[in-house]
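Residue numbers (my numbering): 705 to 983. Note that beta-carbon positions come from the ideal geometry of N, C-alpha and C, so glycine has one too. From a predicted model like this one, the values you see are computed outputs, not experimental measurements.
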Amino acid sequence: MKYSTVRLRRLSRELRTLRATTGLTTEAAAEQLGWSRSKLNRFETGKIAPAPGDVAAICHLYCVEAATTEAMVQLTREVARRGWWTAYSDVFTGSYVEFEAAARTICHWAPLVVPGLLQSENYAREIIRAGHPDRPGVELTRRVDARMQRKTTLLGAHAPTLHLLISEGVFRYPVGSADIMAHQLGDILDATDKPNITIQVLPLKVGVHCGTEGAFSVLSFDDDPDLGYAECPAGEVYVEDGEQVRRLMLTFKRLIDVCLSPKESAAFIAAARSDHDLP
C-alpha cells in the first residue's frame, strides 16, 4: 500500500516524542508492549506504518490522555489516505510532490530551468522530452499531465507561499521555439502579480556565487520540521537534519542578497519576454 509520507513522518515524530516524555528507552517500551525493538523502531522512524491498534497500545503504555490517543489513532488511519499524486505513481517515484502539496512555504533556487510549479505545458513538454528522449509519446504526455496537475498546489485557499530565485540564464536559454519561451515568460510575469508568489532574478553579472552547486528547495510546514530537497540524475535527496536545513536556508538568503528585487525582476522578465517574441 502507498502511504502518505507527510502523515507518516508526523506520526513517527509524535511516537518518539510520547516515548521520550515517559523516559522509557526503545528497548524497555518494546519489551512492555511484547514487541521486538526493531518493530517499535520502524514505527518511530517511519519505515513502516503501524496499525491503529498498535498506536492505541503505545498510547495506553505511555498513559496518554484519551483525547490525544484518539487524535493519534485518527492520524494513523489518515496515513493510508490517498492524494491525487498516487494516480501518477509511475511518474512520481519519490515523495516530493506530496511534501510540496502539504507545504506552507516553498523556497526554491532554480539555476537551469523554470521551476516545475511555473512551467507552461509546452515548456514542460520540451524539458521532459529532452530528459527522456527514448520514452514513447504516450508516456511523455502522461508526464506532462502530471506536471500540470502539480500546479494545482498554487490554487485555492491553502496555496503555499512560494519564493523563487531564478538565474538570468533560465530566461535567456531557448527551450523549444521562441513562441514557447514567450508564452512561458508571460506566465511567469503573470505569477509575479500573485500575492503568495515572490520571484527574483539572479543576474549573470554577479559571477560566481553560493548557488553554483545546483538547484534545491526548502519546504516549511504548519506542524512539521522544515525539509530540504535536491534532485539530480542519480535520484532525490531529502535533508531532514535541522543544521543541514539551516545551511540550505542560509545559502538561499545569501542568494537573495545578490538577486534583483521583485520589482526589478518583473521588469527584467518583461524585457526578456519581448526578446523571445516572434517578429
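Given a cut-off of 8 angstroms on the beta-carbon distance, is the pair residue i and residue j in contact?
i: Val905; j: Ile870; result: yes
i: Ala784; j: Phe925; result: no
i: Phe803; j: Leu931; result: yes
i: Glu830; j: Val879; result: yes
i: Leu868; j: Leu858; result: no
i: Thr809; j: Leu715; result: no
i: Arg977; j: Gly890; result: yes
i: Tyr766; j: Leu722; result: yes
i: Asn826; j: Ile892; result: no
i: Pro837; j: Gly918; result: no
i: Asn900; j: Ala863; result: yes
i: Ser965; j: Ile903; result: no
i: Ile762; j: Leu719; result: yes
i: Ala734; j: Lys743; result: yes
Which value, in whole angstroms, describes the spacing of the CA atoms of residue i and residue j?
i: Pro819; j: His812; result: 8 angstroms
i: Pro983; j: Arg854; result: The predicted position of Pro983 is uncertain, since its pLDDT is 47 and thus under 50; a value taken from the coordinates is nonetheless stated next. Rounded to whole angstroms, Pro983 to Arg854 spans 33 angstroms at the Cα level.
i: Gln736; j: Thr749; result: 19 angstroms
i: Arg958; j: Gly787; result: 35 angstroms
i: Ala755; j: Cys914; result: 45 angstroms
i: Gly801; j: Thr709; result: Going by the sequence as given, residue 801 is Val instead of Gly. Looking at the two C-alpha atoms, the distance is approximately 10 angstroms.
i: Glu872; j: Leu908; result: 6 angstroms
i: Met852; j: His764; result: 45 angstroms
i: Ala775; j: Ala895; result: 38 angstroms
i: Gly946; j: Ser881; result: 43 angstroms
i: Arg833; j: Leu844; result: 7 angstroms
i: Arg746; j: Val759; result: 13 angstroms
i: Ser793; j: Leu952; result: 28 angstroms
i: Gly798; j: Glu940; result: 7 angstroms
i: Glu782; j: Ala971; result: 45 angstroms
i: Arg717; j: Asp928; result: 9 angstroms
Would residue i be called buried (16 or more neighbouring beta carbons within 10 Å of its own) or exposed?
i: Gly757; result: exposed
i: Val817; result: buried
i: Glu731; result: exposed
i: Met705; result: Any answer about Met705 is weak, because its pLDDT of 48 lies below 50 and its placement is not dependable; what the coordinates show is given next. Burial call: exposed.
i: His980; result: buried
i: Thr772; result: exposed
i: Cys963; result: buried
i: Ser921; result: buried
i: His887; result: buried
i: Ala850; result: buried
i: Leu954; result: exposed
i: Arg876; result: exposed
i: Arg847; result: buried
i: Ile752; result: exposed
i: Glu948; result: The residue asked about is misnamed: residue 948 is Gln in this sequence, not Glu. Counting Cβ neighbours within 10 Å, Gln948 comes out exposed, since fewer than 16 surround it.
i: Gln823; result: buried
i: Ala770; result: exposed
i: Ile973; result: buried
i: Ala791; result: exposed
i: Val768; result: buried
i: Ala828; result: buried
Name the one or two DSSP bridge partners that residue i has.
i: Gly939; result: Cys936
i: His867; result: Cys811, Thr902
i: Phe920; result: Trp813
i: Leu931; result: Leu923
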